[in-house]
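Novice: Note that the protein sequences, when read in sequence, are chains A and B. Heads up: the first sequence is residues 1 to 199, going by the numbering used here. Heads up: the second sequence is residues 1 to 271, going by the numbering used here. We put the CB at the ideal spot given by N, CA and C, even for glycine. One structure coming up, written as structure tokens, with questions to follow.
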Amino acid sequence: MSEGAKLLLIVFTMVFTENYVLVQFVAICPFLGVSQKFDSCVGMSGAVIFVMTLASAATYLIYTYVMVPLGLAYLSTIIFILVIAALVQFVEIVLKKYMPPLYKALGIYLPLITTNCAVLAVTLLNISDEYNLLESCVDGFAAGVGFGLALILFCGVRRSLERANPPKAFQGLPITLIAAALTSMTFMGFTGIADKLFA
Amino acid sequence: MSEVMTAVLVLCIIGFVCALLLVIASKYMKVPVNENFPKVRDCLPGANCGSCGYAGCDGYAKALAEGDEEKTNLCVPGGDVAARKISEVLGTEFEDVVEKTAFVHCNGDCNSTHDKMDYQGIESCKAAKLLFGGVGSCICGCMGMGDCAKVCPEQAIWVQNGLAHVDPRACIGCGLCAKTCPQKIIELIPAVNKVRVRCSNTEPGAKTRKACSTGCIGCKKCEKECPVGAITVEGNLSRIDNTKCTVCGKCVEVCPTGALIIEHIVVPTAE
Numbered sequence: 001m002s003e004g005a006k007l008l009l010i011v012f013t014m015v016f017t018e019n020y021v022l023v024q025f026v027a028i029c030p031f032l033g034v035s036q037k038f039d040s041c042v043g044m045s046g047a048v049i050f051v052m053t054l055a056s057a058a059t060y061l062i063y064t065y066v067m068v069p070l071g072l073a074y075l076s077t078i079i080f081i082l083v084i085a086a087l088v089q090f091v092e093i094v095l096k097k098y099m100p101p102l103y104k105a106l107g108i109y110l111p112l113i114t115t116n117c118a119v120l121a122v123t124l125l126n127i128s129d130e131y132n133l134l135e136s137c138v139d140g141f142a143a144g145v146g147f148g149l150a151l152i153l154f155c156g157v158r159r160s161l162e163r164a165n166p167p168k169a170f171q172g173l174p175i176t177l178i179a180a181a182l183t184s185m186t187f188m189g190f191t192g193i194a195d196k197l198f199a
Numbered sequence: 001m002s003e004v005m006t007a008v009l010v011l012c013i014i015g016f017v018c019a020l021l022l023v024i025a026s027k028y029m030k031v032p033v034n035e036n037f038p039k040v041r042d043c044l045p046g047a048n049c050g051s052c053g054y055a056g057c058d059g060y061a062k063a064l065a066e067g068d069e070e071k072t073n074l075c076v077p078g079g080d081v082a083a084r085k086i087s088e089v090l091g092t093e094f095e096d097v098v099e100k101t102a103f104v105h106c107n108g109d110c111n112s113t114h115d116k117m118d119y120q121g122i123e124s125c126k127a128a129k130l131l132f133g134g135v136g137s138c139i140c141g142c143m144g145m146g147d148c149a150k151v152c153p154e155q156a157i158w159v160q161n162g163l164a165h166v167d168p169r170a171c172i173g174c175g176l177c178a179k180t181c182p183q184k185i186i187e188l189i190p191a192v193n194k195v196r197v198r199c200s201n202t203e204p205g206a207k208t209r210k211a212c213s214t215g216c217i218g219c220k221k222c223e224k225e226c227p228v229g230a231i232t233v234e235g236n237l238s239r240i241d242n243t244k245c246t247v248c249g250k251c252v253e254v255c256p257t258g259a260l261i262i263e264h265i266v267v268p269t270a271e
């Protein structure tokens, strides 16, 4: 498979077939917490895409050039958490200074995802899938896009839920979780498509 | 060196490098924050009600500190105390805050009005208003589903017998209820003892009477009785000029339906 086709496969897989939120069930917390308003969905998605891409690159470099030579691959979880947290803080400072509009657009969501599990997941899976630097970055970017897609789709679902009148026992979070499960099932329909498309 | 020591050492070094990076970054890429901002912010009550016209107390404090906003008396919940403190911080002239409280221009509880339908929908005035202009017989009246009470940050509004009431002592004058009310019958009025009209119906008197036994029918008795000419009846509804009213109470005595009342308010004074 050529490099271009492989990148396309990564994008398609991360956005649809292996969507982090709806298929792999990570980052459920922001998925339920931030999906009430469309504006905050867009802000959160932007921040996640941004951070995931950066974190993929940074952790790949540290893993390949520091951890592997020292034989510390088993420490990846704790080191990645540390690196991601520091990176997000650093990026926040830089953005505040040099790109105030972007800083304002991402707003509160940037510090919120410092310890987001989806960001950690993407960096860890990059390692286990043995991607190179470019593939890691594309994977991070696509995972962010997939997260954004799920968030925005679910925002629409929740909007309809607001007008619905479920039985009292289901009101609030229960019906939201059921709706999330149904949305997740629609994404299960993509299973197996990727292999045939890019075979 | 044992394997454990390597792990600990590497982790410490990475942590130290990250910390160093952040320290250097925060030192060299510091964005100067206006030094007045935290001081001004401390003067504000932090209710984030938005009555100043900004998104919250932070927004107002920022605008004040950066000189985009000159008026220091926009904070209604903070009142004179907050305005005076802000003026001290910024070194500007102090202006008095006009305290306002919300008032419901309606007197139509369940005894004086009747329902024109058996409403079974969402418990919200906004939703009920979509159906033929509301549940009650009066198209301008309070629907009593408490949208205003739900939005009130101070629990100053309660619904009793199908009519919203405001406790003027608890009301901070943020105006959220006035914005929420689909009937637009809640108004922010300067918090002084003045006669108020508890009706908003501008339909002809006969129609108003049919809808509600305590509404203003535009009979003009109050207008004739008022010794200072503070009352005018316009569009079948009595309107009171607060600047002229002396609270003599004569209009209240002659009002045949009881739509006029004297609202007694204890104005909280600035220390």
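Under a CB-based cut-off of 7 angstroms, is A:Ala164 close to chain B?
Specialist: The residue labelled residue 164 of chain A in the question sits at position 164 within the first sequence. Output row for A:Ala164: interface = no.
Novice: For the candidate residues A:Tyr109, A:Lys104 and A:Val138, whose alpha-carbon lies nearest to that of A:Ala5?
Specialist: In the first sequence, residue 5 of chain A corresponds to position 5, counting from 1. Checked all of A:Tyr109, A:Lys104 and A:Val138; the closest Cα to A:Ala5 is A:Val138.
Novice: Using the C-alpha atoms, what's the distance from B:Arg169 back to B:Val266?
Specialist: Taking the first residue of the second sequence as 1, we reach residue 266 of chain B at position 266. Taking the first residue of the second sequence as 1, we reach residue 169 of chain B at position 169. Legend: pLDDT at B:Val266 = 46, less than 50; position of this residue unreliable, no value from coordinates given.
Novice: Helix, strand or coil for B:Pro268, going by three-state DSSP, please let me know.
Specialist: Here residue 268 of chain B refers to the residue found at position 268 of the second sequence. Caution is warranted here: a pLDDT of 40 is assigned to B:Pro268, below 50, making its placement in the model unreliable, and the coordinate value is therefore given only provisionally. Correct three-state label for B:Pro268: coil.
Novice: Considering B:Val252, what are the terminal residues of the alpha helix (DSSP H) in which it resides?
Specialist: Residue mapping note: residue 252 of chain B aligns to position 252 of the second sequence, counting from 1. Looking at the DSSP string, the run of the alpha helix (DSSP H) that includes B:Val252 is Lys250 to Val254.
Novice: Hey, would you say B:Leu74 sits closer than 7 angstroms to B:Ala61, going by beta carbons?
Specialist: Here residue 74 of chain B refers to the residue found at position 74 of the second sequence. Here residue 61 of chain B refers to the residue found at position 61 of the second sequence. No, the pair does not count as a contact, with Cβ atoms beyond the cut-off.
Novice: Could you pull out every residue in the same chain whose Cβ sits closer than 8 angstroms to the Cβ of A:Tyr1, ignoring the five residues on either side in sequence?
Specialist: Counting from 1 along the first sequence, the entry for residue 1 of chain A is found at position 1. Note that residue 1 of chain A corresponds to Met in the displayed sequence, not to Tyr. Answer for A:Met1: Leu9 and Phe198, listed in chain order.
Novice: Quick one: is A:Ala58 near chain B, going by C-beta distance under 7 angstroms?
Specialist: Start at 1 with the first residue of the first sequence, and residue 58 of chain A comes out as number 58. Chain B contact via Cβ: absent.
Novice: What is the rounded straight-line gap between the Cα of B:Ala83 and the Cα of B:Val76?
Specialist: As a first step, residue 83 of chain B is located in the second sequence; it is residue number 83 there, counting from the start. As a first step, residue 76 of chain B is located in the second sequence; it is residue number 76 there, counting from the start. For B:Ala83 and B:Val76, the distance between alpha carbons rounds to 9 angstroms.
Novice: How long is the line joining the alpha carbons of B:Phe94 and B:Pro153, rounded to whole angstroms?
Specialist: For the purposes of this step, residue 94 of chain B is taken as the residue at position 94 of the second sequence. For the purposes of this step, residue 153 of chain B is taken as the residue at position 153 of the second sequence. Rounded to the nearest angstrom, the two C-alpha atoms are 27 angstroms apart.
Novice: For A:Met188, is the classification buried or exposed, using 16 other Cβ atoms within 10 angstroms of its Cβ as the cut-off for buried?
Specialist: The count along the first sequence starts at 1 and reaches residue 188 of chain A at position 188. Exposed, because fewer than 16 other Cβ atoms sit within 10 Å of the Cβ of A:Met188.
Novice: Run down chain A in chain order and give the residues with a C-beta less than 7 angstroms from the C-beta of B:Ala7.
Specialist: Taking the first residue of the second sequence as 1, we reach residue 7 of chain B at position 7. Chain A residues near B:Ala7: Leu72 and Leu75.
Novice: By how many angstroms is the C-alpha of B:Glu187 removed from the C-alpha of A:Leu54?
Specialist: For the purposes of this step, residue 54 of chain A is identified with residue 54 of the first sequence, where counting begins at 1. For the purposes of this step, residue 187 of chain B is identified with residue 187 of the second sequence, where counting begins at 1. Using only the alpha carbons, I get a separation of about 52 angstroms.
Novice: Please classify B:Thr269 as buried or exposed, where buried requires at least 16 other C-beta atoms within 10 Å of its C-beta.
Specialist: Here residue 269 of chain B refers to the residue found at position 269 when the second sequence is read from its first residue. Only weak support is given to the placement of B:Thr269: the predicted model assigns it a pLDDT of 40, under 50, and the value that follows is read from those uncertain coordinates. That one is exposed.
Novice: Below 7 angstroms between beta carbons: does that hold for B:Lys126 and B:Asp147?
Specialist: Position 126 of the second sequence, counting from 1, holds the residue named residue 126 of chain B. Position 147 of the second sequence, counting from 1, holds the residue named residue 147 of chain B. The answer is yes: Cβ separation under 7 angstroms.
Novice: So, is the C-beta of A:Phe200 closer than 7 angstroms to a C-beta in chain B?
Specialist: With chain A covering 1 to 199 only, the question about residue 200 of chain A has no answer from this structure.
Novice: Comparing the C-beta of B:Phe16 with each C-beta of chain A, is any distance below 7 angstroms?
Specialist: For the purposes of this step, residue 16 of chain B is taken as the residue at position 16 of the second sequence. It does not: the Cβ of B:Phe16 has no partner Cβ on chain A nearer than 7 angstroms.
Novice: Quick check on DSSP: helix, strand or coil for B:Thr180?
Specialist: Numbered from its first residue, the second sequence carries residue 180 of chain B at position 180. B:Thr180 falls in the helix class under three-state DSSP.
Novice: Just the Cα atoms here: how many angstroms apart are B:Lys224 and B:Thr208?
Specialist: In the second sequence, the residue the question calls residue 224 of chain B occupies position 224. In the second sequence, the residue the question calls residue 208 of chain B occupies position 208. Roughly 21 angstroms separates the two Cα atoms.
Novice: Measuring only the C-alpha atoms, how far is A:Gly80 from A:Thr59?
Specialist: The residue you call residue 80 of chain A lines up with position 80 of the first sequence. The residue you call residue 59 of chain A lines up with position 59 of the first sequence. For the sequence presented, residue 80 of chain A should be read as Phe rather than Gly. One C-alpha to the other measures close to 6 angstroms.
Novice: What do you get for B:Glu271, buried or exposed, if any count of 16 or more other CB atoms within 10 angstroms of its CB means buried?
Specialist: Working through the second sequence from its first residue, we reach residue 271 of chain B at position 271. Only weak support exists for where B:Glu271 lies, its pLDDT of 32 falling under 50; the coordinates are left without a value.
Novice: I'd like to know if B:Ser26 contacts chain A, where contact means its C-beta is closer than 7 angstroms to some C-beta of that chain.
Specialist: The residue you call residue 26 of chain B lines up with position 26 of the second sequence. By this cut-off, B:Ser26 is an interface position.
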